[in-house]
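First residue of the sequence shown? That's 13 in our numbering, and the numbers climb one at a time after it.
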Amino acid sequence: MELDEKDLILLHSLQQDGKQTTKALALQCDLSPTAVYERVRRLENRGIIRKYVALLNPEKTRRGLKVYCHVKLDQHIKPQVEAFEKEINKLREVVSCYHIGGDYDYLLEVYVKDMEAYREFMVGKLTAIQHIGSTLSAFVIRTVKHTTEIPLDTPESAVRN
13 MELDEKDLIL LHSLQQDGKQ TTKALALQCD LSPTAVYERV RRLENRGIIR
63 KYVALLNPEK TRRGLKVYCH VKLDQHIKPQ VEAFEKEINK LREVVSCYHI
113 GGDYDYLLEV YVKDMEAYRE FMVGKLTAIQ HIGSTLSAFV IRTVKHTTEI
163 PLDTPESAVR N
């Protein structure tokens, strides 16, 4: 699906605030509310808009420690890869898992309460998964930039905030 300028404006605006009304979006796009509604539904139906979520403050939900954990499997063969991925999907503390290239096989984004909770996670859950060869953890000290917004090829002049 080719996205036109109005679609890009809509997507940008929705990424900024997914709770905007159709009327507010229409004003930003110079379209009628009906046209905006139809465009948004089309973007949803084609899978460009996957879902709408509430972004939580981890510190206010007792998950203030964010850890990036690299995982290396002892062997990188299909049955072990599949078993590892199945087990990782069961761990609530892991909010994202990426199969990556380089020195490690996976990059996990983990949210826990504190260092003791991370130790419990590592010892009781993560390293209990078979075929993990090694791990390397990096603890977030301060978030400098974090966004969920996908950059779009939209002329800045076309985006009205």
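Beta carbons are placed, not taken as given, at the ideal position from N, Cα and C, and that holds for glycine. Since this is a predicted model, take the numbers as computed values, not measurements.
Straight-line Cα distance separating residue j from residue i
i      : j      : result
PRO70  : GLN142 : 29 Å
ARG154 : VAL106 : 19 Å
VAL52  : ASP126 : 40 Å
ASN173 : PHE151 : Low confidence applies here, because ASN173 scores a pLDDT of 49, under 50, leaving its location unreliable; read the following figure in that light. Distance between the alpha carbons of ASN173 and PHE151: 34 Å.
TYR123 : GLY59  : 28 Å
VAL135 : PHE96  : 16 Å
TYR64  : LYS35  : 18 Å
Residue j beta carbon less than 8 Å from that of residue i
i      : j      : result
LEU164 : LEU22  : no
VAL79  : SER25  : no
TYR130 : LEU119 : no
VAL83  : ILE144 : yes
GLU121 : SER108 : yes
Outcome for residue i when other beta-carbon atoms lying within 10 angstroms are tallied against a minimum of 16
i     : result
ASP86 : exposed
GLN40 : buried
ALA38 : buried
ASP19 : buried
Identity of the residues DSSP links to residue i by a beta bridge
i      : result
HIS158 : Partner(s): none; HIS158 has no beta bridge.
CYS81  : LEU120 and SER149
VAL106 : VAL122
Whole-angstrom C-beta distance between residue j and residue i, which should lie under 8 Å
i     : j      : result
LEU67 : THR160 : 7 Å
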